[in-house]
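Residue numbers (my numbering), protein chains in the order written: chain A, 5 to 208; chain B, 194 to 640. Glycine included, C-beta positions come from ideal geometry on N, C-alpha and C.
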Amino acid sequence: MAVLSQTALWNHIHRSHDPLVISPLLDTEQVGAASIDVRIGHQFIILQRSVVHTIDPSDPTALREALYRTQNKVRIQRRQPFVIHPRQLVLGATLEYVSMPKDLAATVEGRSSWGRLGLIIATACSVAPGFKGCITLELVNDGEVPIVLRPGMRIAQLVFFETVKDADYRDTNNDGDKVKVKYDCPTGPEFSRIHQDAETSFWC
Amino acid sequence: MKSHQFSRVLLHTRFELDRFERTLSRLEAHDFPSDVAKILIAGQKRESETADQSLAAIEADYEDDPEGASARLVSEYRKLMQRRRYLEVLEKARSDELPWSLVPSIERLAESILPGRRVLVTTTPDMNYMVSWSRTPDQPVTVYLPKLHRANAFLHVLIGHELFHPAVDTFLPEERIVITPKLRDDCKQLLVKVDGEPDLFSQNRLDAVLKYALEQWERGLTELMCDMGAASLFGPAALWTISGFAASQDLDVPPTPENQFYPPWRMRVKAVLDYIVQVDDGENLLVNVCKSLKNADLNDHVQAIINSLEAEKGICTAEELAKHSFADTLTIKVYEHVGESLERGRDFVKDVASKIADRWSNTFGQVSELLKRLALLVPPSELIDAGKQASNAASLSAIVLACWIERLLMEQNNSLGLSEYRRLCRLMLKAIEDAELKREFADRGAK
């Protein structure tokens with residue numbers, strides 16, 4: 005499993021068939037030696053603890069209601085601060101919309117500069133081949149003091165790998181049926197859709 | 194006003210002014226999609242300070258001049274009530290009320306159409322796009338978007354129409370001078386037929402009929418010119434949007450006081466179609482759009498455009514247009530004058546549009562590349578130049594046109610379900626926002 009380096013990344017961006025798209029690419033210097041820097045977008049989902057007592061996936065209807073009640077989407081303007089307090093979890097999304105080719109997978113890595121302040125970025129950090137959309141980032145402040153984010157700041161990096169065979173997040177399943185994708189081209193952070201997991205009813 | 198009444202009104206006014214100021218402070222703490230609302234809030238706060246000082250002066254003057262002070266107090270109260278209405282407009286301009294992705298683009302577009310005017314974008318519970326403005330240039334132009342259509346990106350093309358209203362307003366006074374005597378003659382003839390020789394009663398009646406006719410003429414002319422304005426910005430995308438918006442209504446309702454004299458939709462669709470095809474070399478532009486798409490192997494999209502334009506022409510045939518033949522002679526006469534004014538109006542719209550760099554006739558060359566981005570389910574915000582690392586931001590009109598052409602193809606292929614439409618709207622809004630950001634980011638060095 006080889007990590008794609010800068011030249012390979014640009015080749016994937018510029019190829020005509022099934023290119024890698026990172027949009028908007030505001031600065032070409034975002035494409036680094038072996039990764040692409042991504043920025044934090046303008047929208048955040050804030051979790052409100054006070055409105056529900058638990059989030060339990062066993063009852064899809066109650067779960068959906070609990071998720072909608074606990075999660076509040078806000079939009080922050082450019083240059084405006086967004087403060088994450090210690091131990092707080094918020095969902096953000098990359099400013100960049102990513103279109104993954106079928107022959108690449110990626111991981112989202114926090115930038116060490118933010119990590120040193122205590123900010124943990126993206127716990128679910130793999131990006132599947134064929135995924136299209138802004139990547140939702142789970143942001144947790146694990147430090148002792150509040151951290152101020154501003155939309156547009158470079159917050160994470162994507163590291164790309166070639167897959168052994170082409171694969172597609174949006175493709176058909178083994179029976180040839182069209183799969184309904186859980187997160188269809190999101191352009192901002194998405195609420196959790198854990199209640200849509202097919203297996204939930206078996207386990208809960 | 195007696196002393197006790199004066200005290201009550203004064204307290205009441207101070208109470209309302211205090212509430213007004215508190216609401217402004219609350220609003221100031223909210224997020225807005227641009228700086229415009231905050232600037233307007235700051236202006237309102239300054240006005241409140243002035244009002245506060247005026248109330249103190251009025252109170253001090255009451256002893257010497259009770260009548261004068263009372264009159265000034267009532268005037269201050271009325272002014273405050275007028276300003277309170279504006280609070281709701283500001284409230285509905287918050288980021289969580291609006292399709293915020295569009296706001297920077299609307300403001301930039303407005304700079305070309307209404308130079309020097311500040312534009313506040315807000316929402317309304319009504320299902321109509323609206324605009325309000327004052328003839329005082331330092332007062333803001335307010336554009337209202339229907340709250341329910343917030344995410345329905347395709348309908349927002351109608352903002353092009355609204356932005357032309359204040360511009361067209363500057364064309365009307367001179368045109369009114371030309372048309373009024375002609376309309377007066379027509380009205381006179383109509384009344385003579387009914388009443389015989391004119392007397393004082395007939396004169397009053399003539400004035401009333403003329404007022405009615407002028408209102409009808411002004412509304413007809415304004416709406417048709419603003420439709421043309423939208424067409425000059427967005428080309429066929431304006432046609433498809435206006436036609437789509439009209440489709441849910443009766444296309445042939447004649448202009449009456451009940452519908453505020455709006456011209457029939459079918460006439461409006463025809464005016465837009467004619468403007469696109471006849472003005473600004475539109476037919477050639479459409480041919481060139483199709484050529485550039487063919488060169489990019491997007492033949493299905495070309496066919497979708499051709500089919501769609503044929504369909505639009507189909508609702509504007511002479512036979513179809515006859516459906517809204519006006520029954521009353523006055524409306525027929527009024528619309529003859531609307532037609533006459535439109536000859537000059539067309540040139541006016543063309544002149545205003547010529548100052549907008551980001552109009553479809555300048556940007557259609559970007560469409561084929563943007564369609565390729567859409568085929569990848571990527572927001573069509575950037576133009577990638579093969580071999581170059583840096584890319585350029587797509588223009589607003591090209592993004593709108595590309596999204597509409599993609600939509601036409603999906604409609605033609607019966608592949609435009611609800612989830613696909615939602616996705617296309619999302620991609621369009623994201624593209625508009627990203628393109629604007631990319632432009633600003635690229636310009637940051639120049640500023």
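9 angstroms Cβ cut-off: residues of chain A touching residue i
i	result
Lys340/B	Within chain A, no residue comes near Lys340/B; the closest Cβ sits about 16 angstroms away, beyond 9 angstroms.
Ser247/B	In chain order: nothing, as chain A lies at least about 34 angstroms away.
Cβ pair residue i, residue j closer than 8 angstroms
i	j	result
Gly140/A	Ala97/A	The question names Gly, yet the displayed sequence has Thr at residue 140/A. Cβ atoms of Thr140/A and Ala97/A: closer than 8 angstroms.
Pro133/A	Pro23/A	no
Pro94/A	Ile50/A	Sequence inspection shows Val at residue 94/A; the Pro mentioned does not correspond to that position. Result yes, Cβ atoms of Val94/A and Ile50/A sit closer than 8 angstroms.
Leu338/B	Val314/B	yes
Ser227/B	Glu300/B	yes
Leu611/B	Met603/B	no
Glu252/B	Leu291/B	no
Arg600/B	Leu617/B	yes
Trp410/B	Val560/B	no
Leu589/B	Leu351/B	no
Leu13/A	Phe164/A	yes
Leu403/B	Arg377/B	yes
Glu355/B	Tyr405/B	no
Inter-residue spacing [alpha-carbon to alpha-carbon] between residue i and residue j
i	j	result
Met621/B	Trp458/B	26 angstroms
Val78/A	Met460/B	43 angstroms
Lys565/B	Lys169/A	25 angstroms
Lys543/B	Ala440/B	27 angstroms
Ser116/A	Val152/A	16 angstroms
Ile80/A	Phe195/A	17 angstroms
Asn500/B	Ser241/B	57 angstroms
Gly580/B	Val35/A	15 angstroms
Val229/B	Val282/B	13 angstroms
Trp326/B	Thr363/B	12 angstroms
Val446/B	Gln237/B	42 angstroms
Glu613/B	Val185/A	12 angstroms
Val361/B	Asp636/B	31 angstroms
Gln332/B	Arg311/B	7 angstroms
Local conformation of residue i per DSSP, three classes
i	result
Thr335/B	strand
Asn488/B	helix
Ala579/B	coil
Met603/B	helix
Ala97/A	strand
Ser608/B	coil
Cys596/B	helix
Cys509/B	coil
Arg115/A	coil
Thr167/A	coil
Ala37/A	coil
Cys129/A	coil
Glu86/A	Reading off the sequence, residue 86/A comes out as Phe, not Glu. Phe86/A: strand per DSSP, three-state reduction.
Cys138/A	strand
Phe557/B	helix
Met104/A	coil
Thr373/B	helix
Val25/A	strand
Lys272/B	helix
Phe208/B	helix
Buried versus exposed, by CB contacts within 10 Å (16 or more), residue i
i	result
Lys631/B	buried
Thr191/A	buried
Trp207/A	exposed
Lys623/B	buried
Phe427/B	buried
Gly558/B	exposed
Ile525/B	exposed
Leu266/B	buried
Ala628/B	buried
Met418/B	buried
Pro456/B	buried
Tyr101/A	buried
Partner residues on chain B for residue i, Cβ-Cβ distance less than 8 angstroms
i	result
Arg115/A	Correct list: empty, because the minimum Cβ distance to chain B is about 19 angstroms.
Trp14/A	Gln582
Asp188/A	Ser612 and Arg616
Thr58/A	Result: empty, since nearest Cβ-Cβ is about 27 angstroms, beyond 8 angstroms.
His18/A	Ile577, Ala579 and Gly580
Closer than 9 angstroms at the beta carbon, the chain B residues around residue i
i	result
Lys136/A	Leu569, Leu570 and Val571
Arg154/A	Chain B residues near Arg154/A: none, gap ~13 angstroms exceeds 9 angstroms.
His199/A	Chain B residues near His199/A: none, gap ~18 angstroms exceeds 9 angstroms.
Scan the region 21-54 of chain A for residues whose Cβ lies nearer than 9 angstroms to a Cβ of chain C and list them as they occur along the chain. Annotation note: the requested chain C is absent from the structure, which comprises protein chains A and B.
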